[in-house]
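**Q**
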Amino acid sequence: MGSLAKDKAEKIQGLLKENYPRIIVEKLPQGFGKEEIEKTKISFLKIGGPFNEFGTIYRDGCQNAQMNYQYVFVSIIEDGEVVVVGKTSFWDTRLENGNIDPNPSEKYNLGDLYRPYLKTDNATAQAIINHYKYKNNEKNEQVTFVNQKITHAVIIPIDNSAFCTNHSKDKTHSSADQYTHEQEKIIGDLILDKFGILNSNSHKR
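Residue numbers (our numbering): 107 to 311.
1) Could you have a look at P210 and say whether DSSP puts it in helix, strand or coil?
2) Who does H258 pair with in a DSSP beta bridge?
3) Scan the region 138-183 and note each continuous beta strand (DSSP E) run of 3 residues or more that stays entirely inside, going in chain order.
4) Please identify the residue among E202, F196, R221 and N203 whose C-alpha is closest to the C-alpha of E212.
5) Contact defined as beta carbons within less than 8 Å: I believe H194 pairs with L224. What is the distance between those atoms, to the nearest angstrom?
6) Assuming contact is defined by CB atoms lying nearer than 8 Å, are I262 and Y126 in contact in what I supplied?
7) Can you tell me whether DSSP reads S280 as helix, strand or coil?
8) Apart from the five residues on each side of it in sequence, which residues of its chain come closer than 7 Å, Cβ to Cβ, to L298?
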């Protein structure tokens, strides 16, 4: 069944590739282990990698200036259905002054896509549960661990390098955030029209 998700991811990649040339298809980890996430983060930020030079600097010019990388993601479950189009971000482990981020959790943080759904009343988690429960118009599979169903994702790095800000890390709705949300809506509407999305409103909020 996993190949259905990969096939859909590659179709979405083809749909968006012209406008987002750094788009990638990823097989998602099921355990969200720290070492696996750290290795993925290193590969994302390598020279020539998908996020290389695509970040925006928070607290630009300050001692603790730090690079933030934002992306739109498309989550796909094992039977090939698109679950959600969302946006998230992560921080570079190294500050702009060369020091390591004193918050050790950032080392293992790649944003919402790489976190398990802990609450089943989350809209995306509920969309997955309902999809399997009522598949083929009859009572079907009861899903407890929704992340086991999400096997692939399309990751679209958003170039926010023009939006450096003096805002602190906890500030939301910066120019970079707004730009990423605009791209999220564009991408989400394209995918909704072409393939459908189980959680169809998430990218519009």
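Ideal Cβ positions, reconstructed from N, Cα and C, are used throughout, including at glycine.
**A** On the basis of the data shown:
1) Position 104 of the sequence shown, counting from 1, holds the residue named residue 210. DSSP places P210 in the helix class (H, G or I) of the three-state scheme.
2) If you number the sequence shown from 1, residue 258 lands on position 152. Paired residue(s): K133 and I182.
3) Runs of the beta strand (DSSP E) inside the region 138-183: 162-164 and 172-183.
4) By one-based count along the sequence shown, residue 212 stands at place 106. Nearest C-alpha to E212: F196.
5) For the purposes of this step, residue 194 is taken as the residue at position 88 of the sequence shown. For the purposes of this step, residue 224 is taken as the residue at position 118 of the sequence shown. Note on residue identity: the sequence assigns Thr, not His, to residue 194. The C-beta distance from T194 to L224 rounds to 16 Å, too long to fall under 8 Å, and the pair is not in contact.
6) Locating residue 262 in the sequence shown gives position 156, counting from the first residue. Locating residue 126 in the sequence shown gives position 20, counting from the first residue. With contacts defined as CB atoms closer than 8 Å, I262 and Y126 qualify as a contacting pair.
7) Indexing the sequence shown from 1 puts residue 280 at position 174. Reduced to three states, the DSSP call for S280 is coil.
8) Numbered from its first residue, the sequence shown carries residue 298 at position 192. Answer for L298: S306, listed in chain order.
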